[in-house]
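Protein chains: 2
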Amino acid sequence: MEAYIKPRVLRGFRDSLPEEETAKGRLIAILENTFRLFGFVPIDTPVLEYSEILLGKSGGETEKQVYRFLDHGKRDVAMRYDLTVPFARFMASHHSRLYLPFKRYHIAKVWRGENTQRGRYREFIQCDFDIVGTDSTSADFEILLVMVKSIQALGIDDFRIHFSHRGTFNRLLKRLGLEEKSFEILRTVDRLKKLGLRKLKSQLEPIAGDREVDCIVNFIEPEESSEKTIEKLIGQAGGEDTDTLRLREILKLIERLDLEKYFSLDPSITRGLDYYTGLVYETYLTDQPGLGSICSGGRYNNLASLYTKEKIPGVGSSIGLDRLLTAMLEIGKLEGSENRRALLVLCLDEKYLDYYHEIACALRDEGVAVEVYPEKKKLARQFQYAEKKKFPFALICGEDEREKGTVILKDLRTRESYADLKPQDIAHQVDKLLATSQTES
Amino acid sequence: MEAYIKPRVLRGFRDSLPEEETAKGRLIAILENTFRLFGFVPIDTPVLEYSEILLGKSGGETEKQVYRFLDHGKRDVAMRYDLTVPFARFMASHHSRLYLPFKRYHIAKVWRGENTQRGRYREFIQCDFDIVGTDSTSADFEILLVMVKSIQALGIDDFRIHFSHRGTFNRLLKRLGLEEKSFEILRTVDRLKKLGLRKLKSQLEPIAGDREVDCIVNFIEPEESSEKTIEKLIGQAGGEDTDTLRLREILKLIERLDLEKYFSLDPSITRGLDYYTGLVYETYLTDQPGLGSICSGGRYNNLASLYTKEKIPGVGSSIGLDRLLTAMLEIGKLEGSENRRALLVLCLDEKYLDYYHEIACALRDEGVAVEVYPEKKKLARQFQYAEKKKFPFALICGEDEREKGTVILKDLRTRESYADLKPQDIAHQVDKLLATSQTES
Numbered sequence: 000m001e002a003y004i005k006p007r008v009l010r011g012f013r014d015s016l017p018e019e020e021t022a023k024g025r026l027i028a029i030l031e032n033t034f035r036l037f038g039f040v041p042i043d044t045p046v047l048e049y050s051e052i053l054l055g056k057s058g059g060e061t062e063k064q065v066y067r068f069l070d071h072g073k074r075d076v077a078m079r080y081d082l083t084v085p086f087a088r089f090m091a092s093h094h095s096r097l098y099l100p101f102k103r104y105h106i107a108k109v110w111r112g113e114n115t116q117r118g119r120y121r122e123f124i125q126c127d128f129d130i131v132g133t134d135s136t137s138a139d140f141e142i143l144l145v146m147v148k149s150i151q152a153l154g155i156d157d158f159r160i161h162f163s164h165r166g167t168f169n170r171l172l173k174r175l176g177l178e179e180k181s182f183e184i185l186r187t188v189d190r191l192k193k194l195g196l197r198k199l200k201s202q203l204e205p206i207a208g209d210r211e212v213d214c215i216v217n218f219i220e221p222e223e224s225s226e227k228t229i230e231k232l233i234g235q236a237g238g239e240d241t242d243t244l245r246l247r248e249i250l251k252l253i254e255r256l257d258l259e260k261y262f263s264l265d266p267s268i269t270r271g272l273d274y275y276t277g278l279v280y281e282t283y284l285t286d287q288p289g290l291g292s293i294c295s296g297g298r299y300n301n302l303a304s305l306y307t308k309e310k311i312p313g314v315g316s317s318i319g320l321d322r323l324l325t326a327m328l329e330i331g332k333l334e335g336s337e338n339r340r341a342l343l344v345l346c347l348d349e350k351y352l353d354y355y356h357e358i359a360c361a362l363r364d365e366g367v368a369v370e371v372y373p374e375k376k377k378l379a380r381q382f383q384y385a386e387k388k389k390f391p392f393a394l395i396c397g398e399d400e401r402e403k404g405t406v407i408l409k410d411l412r413t414r415e416s417y418a419d420l421k422p423q424d425i426a427h428q429v430d431k432l433l434a435t436s437q438t439e440s
Numbered sequence: 000m001e002a003y004i005k006p007r008v009l010r011g012f013r014d015s016l017p018e019e020e021t022a023k024g025r026l027i028a029i030l031e032n033t034f035r036l037f038g039f040v041p042i043d044t045p046v047l048e049y050s051e052i053l054l055g056k057s058g059g060e061t062e063k064q065v066y067r068f069l070d071h072g073k074r075d076v077a078m079r080y081d082l083t084v085p086f087a088r089f090m091a092s093h094h095s096r097l098y099l100p101f102k103r104y105h106i107a108k109v110w111r112g113e114n115t116q117r118g119r120y121r122e123f124i125q126c127d128f129d130i131v132g133t134d135s136t137s138a139d140f141e142i143l144l145v146m147v148k149s150i151q152a153l154g155i156d157d158f159r160i161h162f163s164h165r166g167t168f169n170r171l172l173k174r175l176g177l178e179e180k181s182f183e184i185l186r187t188v189d190r191l192k193k194l195g196l197r198k199l200k201s202q203l204e205p206i207a208g209d210r211e212v213d214c215i216v217n218f219i220e221p222e223e224s225s226e227k228t229i230e231k232l233i234g235q236a237g238g239e240d241t242d243t244l245r246l247r248e249i250l251k252l253i254e255r256l257d258l259e260k261y262f263s264l265d266p267s268i269t270r271g272l273d274y275y276t277g278l279v280y281e282t283y284l285t286d287q288p289g290l291g292s293i294c295s296g297g298r299y300n301n302l303a304s305l306y307t308k309e310k311i312p313g314v315g316s317s318i319g320l321d322r323l324l325t326a327m328l329e330i331g332k333l334e335g336s337e338n339r340r341a342l343l344v345l346c347l348d349e350k351y352l353d354y355y356h357e358i359a360c361a362l363r364d365e366g367v368a369v370e371v372y373p374e375k376k377k378l379a380r381q382f383q384y385a386e387k388k389k390f391p392f393a394l395i396c397g398e399d400e401r402e403k404g405t406v407i408l409k410d411l412r413t414r415e416s417y418a419d420l421k422p423q424d425i426a427h428q429v430d431k432l433l434a435t436s437q438t439e440s
């Protein structure tokens, strides 16, 4: 007996089967279309980079998760673990050739050797879009707007973007004498949704002290309206400043464009990453809060500071493509349709293959997706294939039809047959049947 | 002075800037559309796999080039170096869940630590499409047809697919008593285009012997017509057999579908890979033969034999996406158009940002790509930005226009301005101007 290699995949990795890959393609196409309508352009960067480039900025936790090794030339290399660090390096490399403000999107895989027991994958897709080269209210607002329009374009209207400003929170912490612990505190507060308020308090106390924790907890609680929340923030952070002014301007734009129902000013939003300097935000689907944030980001004003003295301010957001895909597959939004212009030519006799392929070519020229079943197998098997691939129509052509130069079109949804059809009339008949079923359904 | 990390990329790797990435996206979209019209579906597989999976089948040369390392769990892993081996593993894993014949395409990056001095990249995109689960003339022909239609869909009509059959060549070698050296000989003949006939002969002589080399050289020379070539092959291979019958059937289909100008029966085509068992082919652009083959492949009837006892015959082809992209950028086929429905809203005063964004949103709903310049910078700078990003139109709206509730549309191609336009009439005016310039050009 021959010894076979077991066809397994690494833990935390997975194949993408056609249904999923097709759905993913549809999702990405919708997002790309939205990005392009806003003037964003695509870029790509290498999967492998020098480890010092990718890890220069990160702490121990990241480093442990990164796939890192020595290549053939003994270079210390690593696989990218996000799209932000490569983008920073990209901007440092190319800023003089690019027009600023530069608006890019990047949809690509990243790798992290995370603990798979938490249901995490070690290979996943990120989808980032950023505007760099400007620290302006308009850019902040535009990123929020792209988020709204992207999610709407996916057919989802019931979601909410929670946002706040790092600067305001930092002012509070400074006032409380906690400036040096600010990142530790922001990171703890970032876990509020996971911990709940009580656990959060008990975790904050050893860091911040009892009285200060009460101030923090009071600060992060949203009031009944954005107006009241911002008044509170101004009060507790020590007065109006550029951060609260920016928040006000954004609130005004949200109101003017009639988008209030999609936004909450929520001071508990801090984001766990240290590079954010301004606005920060997360997005939750109302029906599936357990999914976590499906789109998050913020403003960072020192993007490329590790690689260049050039100051490159930016604001961006990242869509959790895998989460969104899961959500959309669950609600059936990306399913393949049985009402598409698609057709299987059955193989009744291999001597008619030329005729089958000729008809198929002509139909494809009219935009109909056509397959020719490649062998003379039992018809039951060929029909089964059509069903598996959700073909709405089949073409049947045996000796009689070949002699007359006609075909039989079979509507596999209704099981009706249409005989004596001329090849050049098939596309029209298909469209007629599709239109009828559209009207009926 | 602060020490910056030099923003460099690894040798053999490169960033993809927006122009290139956009062109690549267009190219891929065209190919995917063709694949889908033929009923091919997309899949994806992990970038990292167990090394034994990826390397089980390959010889020393491949092994040296593969990025291979121990991961966090001390597993011996490697980055995929092609899409064929992962596909074999994929079929072994999933064949029972998939409908056969299964037609998939896979467009994804692969990595090889090749010598960069030969102008090779270490990270590049492969684009494979295959039909598995059937050893039929129809499937062989359909792959050839997809190649023709894909290249035509890219706007290229001047190309030729050279094809032959491994089985016929193997029969000749068996007749010459060279059966055991057949792979070595096929691999050497595969380099004919690089070596030229004289060098090929001198390289073949020590392997095959003088008299045999003459037979081989005579065999691989195409005759003046496919008819004559196939007669010669039958004669020299020792009579008609399944391989020559398959070639005849394919020639017949090519003729019936009027595709002769795209094909040459060329017995010098052998392909350098050992898994091919039947038809093999390569494609050359008539105007750019130096580019090498832009689309190659063949039939392999033991695809997944390393991983399963299941027999899975297949036929497939691989498009050299990077080569094709180079060719198409050179002939300007994928350039961004200055005649697209796109528009930059200039920022004359930041207090009108709500108005600017409102207009932009409404226009995007009509499918016009719109950017709002985010800050009040000098107009010259804003126009420069419009020019860099090839915007055909700009919208100007200052105090007067805001009061009247109108805008000025500027055609940046002709420098004409259209004042007193109502926001809801902009899209129509844009389309009118685009239609006019279409007619004129």
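Residue numbers (numbering that gives the first Met the number 0), protein chains in the order written: chain A, 0 to 440; chain B, 0 to 440. Ideal Cβ placement from N, Cα and C applies to all residues, glycine included.
Would you give the residue range spanned by the alpha helix (DSSP H) that residue i belongs to?
{"i": "ASP209 of chain B", "result": "209-219"}
{"i": "ALA91 of chain B", "result": "83-93"}
{"i": "LYS251 of chain B", "result": "241-255"}
{"i": "LYS192 of chain A", "result": "191-194"}
{"i": "THR115 of chain A", "result": "No alpha helix (DSSP H) holds THR115 of chain A; DSSP gives it neither H nor E."}
{"i": "LEU9 of chain B", "result": "Note, LEU9 of chain B: premise wrong, no alpha helix (DSSP H); not H, not E."}
{"i": "ARG322 of chain A", "result": "320-329"}
{"i": "SER135 of chain A", "result": "SER135 of chain A -> no alpha helix (DSSP H), and no H or E assigned at all."}
{"i": "PHE37 of chain B", "result": "Counting along the chain, PHE37 of chain B falls outside any alpha helix (DSSP H), and DSSP gives it neither H nor E."}
Can the beta-carbon of residue i be found closer than 8 Å to that of residue j?
{"i": "PHE34 of chain A", "j": "VAL145 of chain A", "result": "yes"}
{"i": "TYR80 of chain B", "j": "VAL65 of chain B", "result": "yes"}
{"i": "ASP242 of chain B", "j": "HIS164 of chain B", "result": "yes"}
{"i": "PRO266 of chain A", "j": "LEU232 of chain A", "result": "yes"}
{"i": "ARG322 of chain B", "j": "ILE293 of chain B", "result": "yes"}
{"i": "LEU411 of chain B", "j": "TYR417 of chain B", "result": "no"}
{"i": "ILE4 of chain B", "j": "LEU305 of chain A", "result": "yes"}
{"i": "LYS200 of chain B", "j": "VAL212 of chain B", "result": "yes"}
{"i": "PHE162 of chain A", "j": "THR285 of chain A", "result": "no"}
{"i": "LEU171 of chain A", "j": "GLN235 of chain A", "result": "yes"}
{"i": "TYR372 of chain B", "j": "CYS346 of chain B", "result": "yes"}
Our contact map puts residue i next to residue j with C-beta atoms below 8 Å; I'd like the distance itself, whole angstroms only.
{"i": "GLY24 of chain A", "j": "PRO41 of chain B", "result": "6 Å"}
{"i": "GLU122 of chain B", "j": "LEU47 of chain A", "result": "7 Å"}
{"i": "LEU343 of chain B", "j": "ALA379 of chain B", "result": "At roughly 14 Å, the Cβ-Cβ gap does not stay under 8 Å, so LEU343 of chain B and ALA379 of chain B are not in contact."}
{"i": "PHE86 of chain A", "j": "TYR104 of chain A", "result": "Rounded, the Cβ-Cβ distance is 10 Å, inconsistent with contact."}
{"i": "ASP14 of chain A", "j": "PHE89 of chain B", "result": "6 Å"}
What are the start and end residues of the beta strand (DSSP E) that includes residue i?
{"i": "PHE487 of chain B", "result": "Residue coverage of chain B in this structure runs from 0 to 440, which leaves residue 487 of chain B outside it and unanswerable."}
{"i": "LEU408 of chain B", "result": "406-410"}
{"i": "HIS105 of chain A", "result": "101-110"}
{"i": "THR282 of chain B", "result": "278-284"}
{"i": "GLY296 of chain A", "result": "294-299"}
{"i": "ASP75 of chain A", "result": "75-78"}
{"i": "ARG67 of chain B", "result": "67-69"}
### Members of the segment 123-155 of chain B that neighbour chain A once the beta carbon cut-off is set at 8 Å
Residues passing the 8 Å Cβ filter: ILE130, THR133, SER135, THR136, SER137, ALA138, PHE140, GLU141, LEU144 and LYS148.
### Task
Name, going along the chain, the residues of the segment 43-62 of chain A whose beta-carbon falls closer than 8 Å to a beta-carbon of chain B.
Identification of residues in the segment 43-62 of chain A having a C-beta nearer than 8 Å to some C-beta of chain B yields ASP43, THR44, PRO45, VAL46, LEU47, GLU48, TYR49, GLU51, ILE52 and GLY55, given in sequence order.
### Task
Output, in sequence order along the chain, the residues in the segment 354-366 of chain A whose CB is closer than 7 Å to any CB in chain B.
Within the segment 354-366 of chain A, those residues whose Cβ lies closer than 7 Å to any Cβ of chain B are, in chain order, HIS356, GLU357, CYS360 and ARG363.
### Query
Using a beta-carbon distance cut-off of less than 7 Å, what residues from the segment 22-40 of chain A approach chain B?
For the segment 22-40 of chain A, which is checked against every Cβ of chain B, the residues closer than 7 Å are GLY24, ARG35, LEU36, PHE37, GLY38 and VAL40.
### Query
In chain order, which beta strand (DSSP E) runs of at least 3 residues are fully inside the segment 39-63 of chain B?
If we require 3 residues or more, the beta strand (DSSP E) runs fully inside the segment 39-63 of chain B come out as 47-49.
### Message
Short of 8 Å Cβ to Cβ, which residues in the segment 300-312 of chain A face chain B?
### Response
Against chain B - using a Cβ distance shorter than 8 Å - the residues of the segment 300-312 of chain A are ALA303, LEU305, TYR306, THR307 and LYS308.
### Query
Of the residues that make up the segment 77-89 of chain A, which ones have a beta carbon closer than 7 Å to any beta carbon in chain B?
Within the segment 77-89 of chain A, contact with chain B at the beta-carbon level (separation under 7 Å) is assigned to ARG88 and PHE89.
### Query
What residues in the segment 241-252 of chain A have a beta carbon less than 9 Å from any beta carbon of chain B?
Residues passing the 9 Å Cβ filter: GLU248, LYS251 and LEU252.
### Message
Can you pull out the residues from the segment 261-288 of chain A whose beta carbon lies closer than 9 Å to at least one beta carbon of chain B?
### Response
Considering only beta carbons, no part of the segment 261-288 of chain A lies closer than 9 Å to chain B.
### Query
Curious, which full-length beta strand (DSSP E) runs of at least 3 residues does the segment 363-422 of chain A contain?
Within the segment 363-422 of chain A, the beta strand (DSSP E) runs of at least 3 residues that lie entirely inside it are, in chain order, 368-371, 392-395, 406-410 and 415-420.
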